[in-house]
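Data first, discussion second: the structure below is written as structure tokens.
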Amino acid sequence: MKKTTPSVEFSLAIEQAWQQQLPLLKLFEIANQLSQNGHDPLAAVLYQTWLKRNRTTHDHLVLFNLGVMLFSQNDMDGALEAYCRALQLAPGFLQPRFNLGLVYERLGHSDSAVAQWLRIESMANADEPEQRSMLILALNNLGRHYEDIGRYGEALAALTKSLRLQPQQPDAIHHWVFLRAKQCLWPVYEPLGLLDEATERAHTSALAMISLSEDPEAQLAAAQHYVKSKVNTQVKRLAPARGYNHPKLRIAYCSSDFCAHPVAMLTVELLELHDREHFEIYAFDWSREDGSQLRQRVIEGVDHFERIHSLSDEAAARLIREREIDILIDLQGQTLGARANMLAYRPAPIQITYLGLPATTGLPFIDYVIADRFLIPEDAKGYYTEKPLYLPDIYQSSDRQRLVGRIPSREECGLPQDAFVFCAFNNNYKFTPAVFGAWMRILKQVEGSVLWLLEDNLWAKENLRREALAQGISRDRLIFASRVVPADYLARFAVADLFLDTFPFNAGTTANDALWMGLPLLTMSGKTFASRMAGALLTAAGLDELVTYDLPAYEAKAIHTAVVQGEIERLKAKLAHEKEHGVVFDMPRFVRNLEAEYRRLASV
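Below is the structure:
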């Protein structure tokens, strides 16, 4: 916001407040003007001066406004004091109680934040319009906060209450849908009060839609709905239409996942291997500072690492433009932490999406998506707002330096020694009733076999066990692995016999990890990007025999692989040869292919 110079009126207002001559309404009027002109600190000073010298029956309103000003200036301690004083004067005043929860959350006091919002739930009268609105806000924040800290059951309960009070809440709906998917609470779509299934589908997020629908048209519609409702496309373009004719092409990658995250795991060696004679590599970063070795590799793997977490979208875009970036690669798409409104300014002449969202972004200012011809066939191009940038071998980068821990024994993993071990280490929200049903039928046909799953959350674990029992599979044939550090997670793949992929949202980084560790992976491919990721890897590795296109074939191949003597050994031998001699893990070759495309785009 552009700031204007404070007028003489402010000085006069301070003097009047000190002399107890500034009426309450005039106080609010002047403070609001200051705030609108970008002077929140001066508005806070005015409120503080007034409170020091005046006493009325409405002091709690002034304290609330002061808390808002201080919060906007990131003065959490000051905001905390202001809101607490307001509540001492007016315990039933819901607005400062709601904001106090936000302060506690910002300070990292989760239980205190939750306590404030739960107090509003117990106090608010849903029949009174203003209190009903505050109740819905409190429930939505409970849902958001519970989801952030992994308390999915409580998050779903809070959002369910909110949507019963007000069904038409697009943001609450898309979180409610995704929470059901995360808990394997099937069917994911089900009527809730006045909220029907059609409305739930219409407001499903692009990321959730990938796991819930194999329809590329539905995924495109979800992405475009996001753009229409969340992205400001009416901003001025910053970059020229063509590049800058630098001696070295300036390539920039931007992400909130340059930390211990799958995106960084797949891209770190790519950053390191770029040809510095012809390319200058930038990273624009708003990731969490997790202190991981992976993050340090990313930082050291680029020529210029720029933190933009504290910048507005416009300011960040202007910084990118100032650096005269020729090609900007967004590693985010519409995933958590995305900054689509930064990209809307077109800070680079060429803008590309890669890896973050395995679907079309729907963003009109993204020009290309990095792909291969299996991943996005020619007849599927119409479902993408981006133009496919086809690489000759494989679309997915990799990391040959990933650390692998000690290979555990089956006993250490809680697995039977002599059983055939199917594993499915994808996130549980990728599981669908159809594929899970196929897994249960496979277990029935392979005597004594077990299914080894990632313990994503307790709610999913219990729901999956209950569903298995309903399909005639005892609970003990589903074995859950707790989360461990990446090196130990990789080591687990060496213990299993066959990886069973999910559909319509395949394994991505997980498929790469499985193949790197020599574990054969069986997938099913469909029409969408997300349903063809594992198939693209297997095809490039010469293992297209493990790519199926319907559930009967998927089940038959899994059973055949498990019961035919020597079959697993044969597949593992092919994988071992691919790792040493094939294209999937040949990163120098991959980087040369990608750089050739960058040069071609820059020369057009």
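Under the working numbering, the letters of the sequence shown match residues 504 to 1107, in that order. Yeah, the Cβ is synthetic: ideal placement off N, Cα and C, and Gly gets one too.
In the three-state reduction of the DSSP assignment, Ser758 falls in the strand class. C-alpha of Leu710 to C-alpha of Asp630: approximately 36 Å in a straight line. In chain order, Ile945, Leu1025 place their CB closer than 6 Å to the CB of Ala1061, counting only its own chain and leaving out the 5 sequence neighbours on each side. Residue Lys1075 holds the alpha-carbon nearest to the alpha-carbon of Ala1044 among Lys1075, Phe761, Arg842. Taking the C-beta atoms as reference points, Gly940 is found nearer than 8 Å to Gln974.
Remark: three or more beta-carbon pairs, one from each stretch, lie closer than 8 Å, so the stretch 993-1003 and the stretch 1053-1070 are flagged as touching. Contact between Ala661 and Leu642 holds, since their C-beta atoms are separated by about 5 Å, short of 8 Å.
Residues of the same chain with a CB within less than 7 Å of the CB of Arg556, apart from the 5 flanking positions on each side, are Ala520, Trp521, Gln523 in chain order. Contact annotation, His563 with Phe596: C-beta distance approximately 6 Å; criterion of less than 8 Å satisfied. No Cβ-Cβ contact shorter than 8 Å links Ala755 with Leu797.
Fewer than three beta-carbon pairs drawn from the stretch 681-696 and the stretch 718-728 are found closer than 8 Å, and the two stretches are therefore not classed as touching. Looking at the DSSP output, Phe782 sits in a beta bridge with Leu752. Ala927: member of the beta strand (DSSP E) spanning 924-927, first to last residue. By the CB criterion at 8 Å, Leu741 and Tyr871 fall outside the cutoff. Put simply, the backbone Cα of Lys1077 is about 47 Å away from that of Lys733. Ile976 sits close to Met943, with the two beta carbons spaced by under 8 Å. Residue pairing by DSSP places Lys890 opposite Tyr871 in a beta bridge. Annotation: Pro936 to Leu688 spans about 10 Å, alpha carbon to alpha carbon.
For Leu530, the enclosing alpha helix (DSSP H) starts and ends at 527-539. Here DSSP, grouped into helix, strand and coil, assigns His561 to coil.
Listed in chain order, the non-local C-beta contacts of Gly746 below 7 Å within the same chain comprise Asp829, Pro852, Ala1105, local neighbours out to five positions each way being set aside. Counting along the chain, Phe808 sits inside the beta strand (DSSP E) bounded by residues 807-810. Judged by DSSP in its simplified three-state form, Gln727 adopts helix. Selection Pro1055, Glu780, Arg969, Lys731 evaluated against Leu752 yields Glu780 as nearest (Cα-Cα). The stretch 788-846 contains, as complete beta strand (DSSP E) runs of 3+ residues, the segments 807-810, 830-833 (chain order).
The alpha-carbon separation between Arg876 and Phe1093 amounts to approximately 15 Å. In the DSSP assignment, Trp962 falls within the alpha helix (DSSP H) that extends over 961-973. Per DSSP, reduced to three states, the secondary structure at Phe596 is coil, with no helix or strand assignment.
Between the stretch 896-904 and the stretch 1031-1047 there are three or more inter-stretch CB-CB distances shorter than 8 Å, so the stretches are counted as touching. Selection Leu668, Glu624, Val617, Ser625 evaluated against Arg647 yields Val617 as nearest (Cα-Cα). Judged by DSSP secondary structure, Leu906 falls outside any alpha helix (DSSP H); it is assigned neither H nor E. Looking at the backbone, the Cα of Ser790 and that of Ser758 are separated by about 7 Å. The C-beta of Asn1015 has 16 or more other C-beta atoms within 10 Å across all chains shown, which makes the residue buried. Scanning its chain for C-beta atoms nearer than 6 Å, with the 5 sequence neighbours on each side dropped, one finds around Thr863 the residues Leu723, Ala726, Tyr887, Thr888, in chain order. Taking the Cα positions, Glu512 is about 23 Å away from Gln576.
In the three-state scheme derived from DSSP, where H, G and I count as helix and E and B as strand, Val738 is classed as coil.
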